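Visitor: Structure in structure tokens, see below.
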Amino acid sequence: MATYNPINSFASADALVSWLTPLRDQGKTVVTTNGCFDIIHAGHVAYLTEAARQGDILLVGINSDASVKRLKGENRPVQDQATRCAVMAALAMVDAAFIFPEDDPRQFCEIIRPDVHVKGGDYSREMIETPIIEKYGGVVKIVSFVQGFSTSNIVSKIRDAS
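Counting in our numbering, the sequence shown runs from 25 upward without gaps.
Right, dumping it as structure tokens:
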């Protein structure tokens with residue numbers, strides 16, 4: 025079976041830069057966010073929609089498989105990084121997605137230097153990436169958090185039903 029790879033799905037933040045440069049030259053406001061996005065659910069859709077409204081271009085960093093294992097445990101991710109990145113890049117509110125191997129977004133924030141970095145309401149502005157965002161003149165925005173949606177809970181329900 026052929027792997028689905030939308031045009032705006034990138035293997036790394038570095039690979040994304042040449043795609044992004046002409047958009048930046050046009051004065052577009054670049055917004056970033058990141059996560060595992062193992063199983064896309066309604067909470068993700070609401071969060072990404074709100075993130076996209078913070079600027080012109082929404083870029084989503086997808087944690088690598090190894091990173092998800094470190095963050096979520098040996099049984100995760102459910103879907104591999106290329107699939108998660110392709111699904112993310114295919115969503116209407118997302119302009120591009122890329123994979124990052126680190127456990128946090130600091131390195132890709134140094135590479136991309138977003139105008140706005142967005143996290144959900146379960147975070148605060150005191151994140152480890154905030155100094156990097158602000159160093160380049162960007163801002164961190166915390167958007168709404170939709171209660172009742174969790175990939176971990178969905179995975180548990182599926183496993184319990186098996």
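Virtual Cβ for every residue (Gly too), placed ideally from N, Cα, C.
No experiment lies behind these values; they were computed from the predicted model shown.
Report the option in I64, Y71 and C60 whose CA atom is closest to the CA atom of S91.
Guide: Here the closest residue by C-alpha is C60.
Visitor: Quick check on F124: does DSSP put it in helix, strand or coil?
Guide: Of the three classes helix, strand and coil, the one that applies to F124 here is strand, per DSSP.
Visitor: Out of R137, V69, I152 and S33, state which residue places its alpha-carbon closest to the alpha-carbon of Y160.
Guide: For Y160, the nearest C-alpha among the options comes from R137.
Visitor: Taking buried to mean at least 16 other C-beta atoms within 10 Å of its own C-beta, is Q50 buried or exposed?
Guide: Under this definition Q50 is an exposed residue.
Visitor: Put L44 into one of helix, strand or coil per three-state DSSP.
Guide: Residue state, collapsed to three classes: helix.
Visitor: Is the separation between the beta-carbon of F34 and that of A120 shorter than 8 Å?
Guide: The answer is yes: Cβ separation under 8 Å.
Visitor: Once DSSP output is grouped into helix, strand and coil, what is the label at T73?
Guide: It is helical.
Visitor: Just checking, does the region 112 to 126 make contact with the region 31 to 47 on the three C-beta pairs under 8 Å criterion?
Guide: Short answer: they touch.
Visitor: Put K159 into one of helix, strand or coil per three-state DSSP.
Guide: Three-state DSSP puts K159 in a helix.
Visitor: Using C-beta distances below 7 Å, list every residue in its chain close to I64, excluding the 5 sequence neighbours before and after it, in chain order.
Guide: Contacts found: V111.
Visitor: Which residue marks the beginning of the alpha helix (DSSP H) containing K52, and which one marks its end?
Guide: No alpha helix (DSSP H) holds K52; DSSP gives it neither H nor E.
Visitor: Which stretch, first to last residue, makes up the alpha helix (DSSP H) that contains V92?
Guide: Unbroken alpha helix (DSSP H) run through V92: D89 to K96.
Visitor: Would you kindly work out how many angstroms separate the C-alpha atoms of D89 and D104, rounded to a whole number?
Guide: C-alpha separation (whole angstroms): 6 Å.
Visitor: One question on the structure: do P129 and E153 come within less than 8 Å of each other, judged by their Cβ atoms?
Guide: Contact: yes.
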